[in-house]
Every structure is written in C-alpha cells, then in structure tokens.
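Inspection log for the structure reproduced underneath, given as structure tokens.
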Amino acid sequence: MKITKVRARVFEWKGHTVTPTPHFCSNAMDELWDKGDSMGTFRFHGWTTVEIETDTGLVGLGNVALAPRIAKAIIDQYLAPLVIGQDPFDYEYLWQRMYRSTHAWGRKGIGMAAISGVDIAIWDLMGKAVNQPVFKLLGGRTKEKIPCYASKLYRTDLKSMQEEAQSYLDQGFKAMKMRFGYGPKDGPEGMRANLDSVAAVREVIGEDIDLMLECYMGWNLEYAKRMLPKLERFQPRWLEEPVIADDIDGYAELNQLTSIPISGGEHEFTHYGFRQLLEKRAVSVIQYDTNRVGGITAARKINAIAESFSVPVIPHAGQMHNYHLTMSTLASPMSEFFPVHDVEIGNELFYYLFEGDPEPVNGFLDLDDDTPGLGLSLNERYFDQFTIIE
Numbered sequence: 131m132k133i134t135k136v137r138a139r140v141f142e143w144k145g146h147t148v149t150p151t152p153h154f155c156s157n158a159m160d161e162l163w164d165k166g167d168s169m170g171t172f173r174f175h176g177w178t179t180v181e182i183e184t185d186t187g188l189v190g191l192g193n194v195a196l197a198p199r200i201a202k203a204i205i206d207q208y209l210a211p212l213v214i215g216q217d218p219f220d221y222e223y224l225w226q227r228m229y230r231s232t233h234a235w236g237r238k239g240i241g242m243a244a245i246s247g248v249d250i251a252i253w254d255l256m257g258k259a260v261n262q263p264v265f266k267l268l269g270g271r272t273k274e275k276i277p278c279y280a281s282k283l284y285r286t287d288l289k290s291m292q293e294e295a296q297s298y299l300d301q302g303f304k305a306m307k308m309r310f311g312y313g314p315k316d317g318p319e320g321m322r323a324n325l326d327s328v329a330a331v332r333e334v335i336g337e338d339i340d341l342m343l344e345c346y347m348g349w350n351l352e353y354a355k356r357m358l359p360k361l362e363r364f365q366p367r368w369l370e371e372p373v374i375a376d377d378i379d380g381y382a383e384l385n386q387l388t389s390i391p392i393s394g395g396e397h398e399f400t401h402y403g404f405r406q407l408l409e410k411r412a413v414s415v416i417q418y419d420t421n422r423v424g425g426i427t428a429a430r431k432i433n434a435i436a437e438s439f440s441v442p443v444i445p446h447a448g449q450m451h452n453y454h455l456t457m458s459t460l461a462s463p464m465s466e467f468f469p470v471h472d473v474e475i476g477n478e479l480f481y482y483l484f485e486g487d488p489e490p491v492n493g494f495l496d497l498d499d500d501t502p503g504l505g506l507s508l509n510e511r512y513f514d515q516f517t518i519i520e
C-alpha cells in the first residue's frame, strides 16, 4: 500500500457564533493593556482536515485546529511531498522525516500541529487497512469505559454557572472544569470574584465531585502564588496553565508550593518538550492535544515517559484522536469532554465538522471494538455553514 495523495482543506465557520462577554476566560493576553475581546486570538473558528489517499482506495482522516490556513500551506508545500509514494505503515520513518526536514522552523507551534494532522490521518489509514480501531493498534482496551469530565463552565454570572454545574450533575458527570475570569490586572476585586465563582460551583456540586480550575495562562507567578493558598480549601483536582507555557520554572515552583496539582502541556510539543516538564517536576498532570503535540506517533511516546514518572496524562479537548490514546494506556485515567454547544471558543466546531465521536453516558465514554480506524468521518450536513478552502 502506498500513499498517492494528500488533501488538506480549510473549513472556516460562517454560521451562528456566541457573542463574547467580558471576563469570559482569563488568558495570556490579560496582562497587556488592550481593548476589545482579549480571547479573540484564542478563538479558532476554522479547522484543517487532512485526507490521505492510497493506491488501495482507502482514505485516512486527520485534522489540525490551530492556524488552519497556515497549517494547510505547510501540509501542501512541505509535508505532502515527504509522504506521497511511501508506505503508511512506516509511520515512525514518516514522522521523523517530517520532523527532521522542518526542524529549522517546525519543531514547535503550527509546524508541529501540521505534522500532527498528517500523522493522525496515517494512523486512521492503518486502522482501516487492518480493519481494527486505532486503540487496538496502540495496545488495546485498558479500561471498560473512559471516565470523562464536562469541560465548559466559562465565567458568567454565578447563578448561570451554578445552573450549568447542576446540569452536568444531572447528566451523571462526576467531574467538571470551570474557568477563571480575572487575573493580575483586575486587582483584589478580581481575586475575590475568582474565589466567589469557585465557591458558587462547589456549593452546587458538593465535596464528592472533582472540580478542575482553568487559568489558560492568564496569571503570572506572583499572582498564582497569592491565589493558591486561597484555593486550597476548595480541594481542586488541579489548577490548569496558571502561567504562560514557556515559564517552565514558574510551573515547577508552583507545583512544589501547593497541595493543588498543577497541570499543563496543551501548548507543549513532542516527547522532548514533555521530558523537560517531567524532569523538572513542573506539572502533576499532562494535557497534550494529539492534533498539536505531534500526532499519535508523538503522543504514545509521551504516554510511556509519563507512566515512568507516575504522572497522569489527560489530553486536552476530548475528540477521537485523544480518546483512542486514553483507551489504550494506563497512563491516562480519564478524558476531557466539551459538551455540544453553539460555536463559542471553537472546540465546538468538532461536532459540526466530524461525526462519529461518542456521547458520554453517566460520565463515561466508550469506543467501538469493531469500527476500524478512528471512527470519524466528515459531517457533510453542515458544509453549507462553512467556507471551504481547497
């Protein structure tokens, strides 16, 4: 079997979107003096799909969610020529070929995300070729079902947050994640608003439900050190991305400072990047995203390293490429799940662009043992809601 064609398409959403609200979610832009929607640069209302065709007629499907137009250009110009004519089962060779040939500019960020999209499509293709789900190729079923947590609870008014939290309880979730809306420039009043929002959610869910707290790089080291002691009474399962991704020493300091586990890795890349995080004891929970970190080929290596450090891997954003990895390793105890919702940040686009993702039942997801590959296909029902760039 040989790869004959690589097709990258950009799908840009032109349908209904939720209007941004102030203090919706803290983020890395918050420390700057700026006007308008600080989350604007972190909203991704487009997606790149990658379809890899072979001389047998099989097609593998991958995806990239970051900077989709740039990702498409990288795939078309640099990556497709490296894999066309090759055997997809030589996946390690192909990954190394893409990684090393783009090393001067592609080893982190959008270059690695583009590699991820191609790599995911290759794994989907391999699963289809042997008529097995991808998780069977990765080690098989390590858990009967995958526990998952509801991941939304952006900062709105407290009553709405409480009602949303109750809705997840009613659906059977035993864990959920909320976002902070305020950071260092908001002063003591913002700090109090952050604490009030956590207290409001805890009031609804009680002490027996795991609550995760998300900063999305919106704090700095000094602010986080002030907040952590105040948050300990709420017993969060983790505090996510308190500082910008490059401040690894800041992560390490915070992780040793508090009883609250510090999590991160959504903006880190390849097993080399995660080895550094682990060796510095910078995170207690790893949160790579397979369609950013280097694809399945890179993610499985990170899982193996993390297992040796006894650090759990809970991939960012849910989605099928992450679920197959979670199912196949003991390093991953659970998954993130973004509830189906109107398009807001952009994670929701996955449900408009693809079909086949499992729905949680009482807080658990399952994968089909008899569906080959990733089990995803393009959802053409919503194509008219996108501008499609070939």
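Heads up: the sequence shown begins at 131 in our numbering, then just goes up one per residue.
For each residue, glycine too, the CB sits at the ideal point set by N, CA and C.
All figures in this text were calculated on a predicted structure; none of them were measured in a lab.
Take residue i and list the residues in its own chain whose beta-carbon comes closer than 7 Å to its own, dropping the five residues that flank it on each side.
| i | result |
| --- | --- |
| E520 | R139 |
| G493 | P277, C278, G302, F303 and K304 |
| N509 | Y482, L483, F484 and E485 |
| P502 | G257, K258, N261, Q262 and P263 |
| K273 | M457 |
Please name the residue in the options whose C-alpha comes closest to that of residue i.
| i | options | result |
| --- | --- | --- |
| W225 | A280, A375, I444 and K431 | K431 |
| H454 | D487, G311, G336 and V373 | D487 |
| F399 | A428, L387 and S393 | A428 |
| L407 | Y381, G236 and I390 | Y381 |
| L325 | A305, L343 and W177 | L343 |
| L497 | G403, G270 and S393 | G270 |
| D338 | K304, P150, L212 and P318 | K304 |
| G336 | K315, L351 and P366 | P366 |
| D472 | S389, A354, K360 and T147 | T147 |
| S414 | G448, A447, G425 and I378 | I378 |
| Q207 | E183, N477 and T232 | T232 |
| S458 | V189, I205, H153 and K266 | K266 |
| K238 | A461, M159 and Y402 | Y402 |
| C155 | Y353, E474, L504 and T517 | E474 |
| T529 | P463, E161, T286 and D160 | Here the chain covers residues 131 to 520 and nothing more, so residue 529 does not appear. |
| T456 | Q417, E478 and F439 | Q417 |
| P314 | T184, L495, W163 and G395 | W163 |
| K135 | P469, T184, E142 and F141 | T184 |
| P152 | L361, D316, T388 and P490 | D316 |
| M242 | P391, I390, L358 and A197 | A197 |
| D376 | G187, R363 and G394 | G394 |
In chain order, what residues of the same chain have a beta carbon less than 8 Å from the beta carbon of residue i, not counting five sequence neighbours either side?
| i | result |
| --- | --- |
| Q292 | A330, V331, E333 and V334 |
| K307 | Y279, A280, S281, K282, L283, L341, M342, L343, E344, E370 and E466 |
| R405 | I435 |
| L506 | L191, D254, M450, F484, E485, G486 and D487 |
| F219 | M131, M256 and A259 |
Per DSSP, what kind of secondary structure is residue i in: helix, strand or coil?
| i | result |
| --- | --- |
| D379 | helix |
| M464 | coil |
| R367 | coil |
| N193 | strand |
| V136 | strand |
| A412 | coil |
| Y482 | helix |
| P263 | strand |
| V423 | helix |
| I518 | strand |
| T272 | coil |
| D487 | coil |
| D326 | helix |
| A305 | strand |
| L343 | strand |
| F141 | strand |
| F522 | Residue 522 lies beyond the range of the chain shown here (131 to 520); nothing can be said about it. |
| I374 | coil |
| P502 | coil |
| G257 | helix |
| P152 | coil |
| P318 | helix |
| G176 | strand |
| G448 | coil |
| P211 | helix |
| H198 | It should be noted that the sequence gives Pro, not His, for residue 198. Three-state result, P198: helix. |
| T184 | strand |
| D335 | Residue 335 is actually Ile in this sequence, not Asp. Helix. |
| T456 | helix |
| I390 | coil |
| Y353 | helix |
| F494 | strand |
| L384 | helix |
| A295 | helix |
Pull up the CB-CB distance for residue i and residue j, whole angstroms please, since I reckon it's below 8 Å.
| i | j | result |
| --- | --- | --- |
| M347 | V373 | 6 Å |
| D499 | P263 | 7 Å |
| A412 | N385 | 6 Å |
| E181 | V189 | 5 Å |
Quick one: what's got a C-beta closer than 6 Å to residue i's C-beta in the same chain, skipping five residues either side?
| i | result |
| --- | --- |
| Y221 | I252 and T427 |
| A323 | Y312 |
| R309 | C155, Y284, R285 and E344 |
Next on the checklist: Check whether the segment 436-445 and the segment 247-264 are in contact - that is, three or more C-beta pairs closer than 8 Å.
Outcome noted: no
Next on the checklist: Tell me whether the segment 411-428 and the segment 228-246 touch, counting them as touching only if at least three CB pairs, one residue from each stretch, are closer than 8 Å.
Outcome noted: yes
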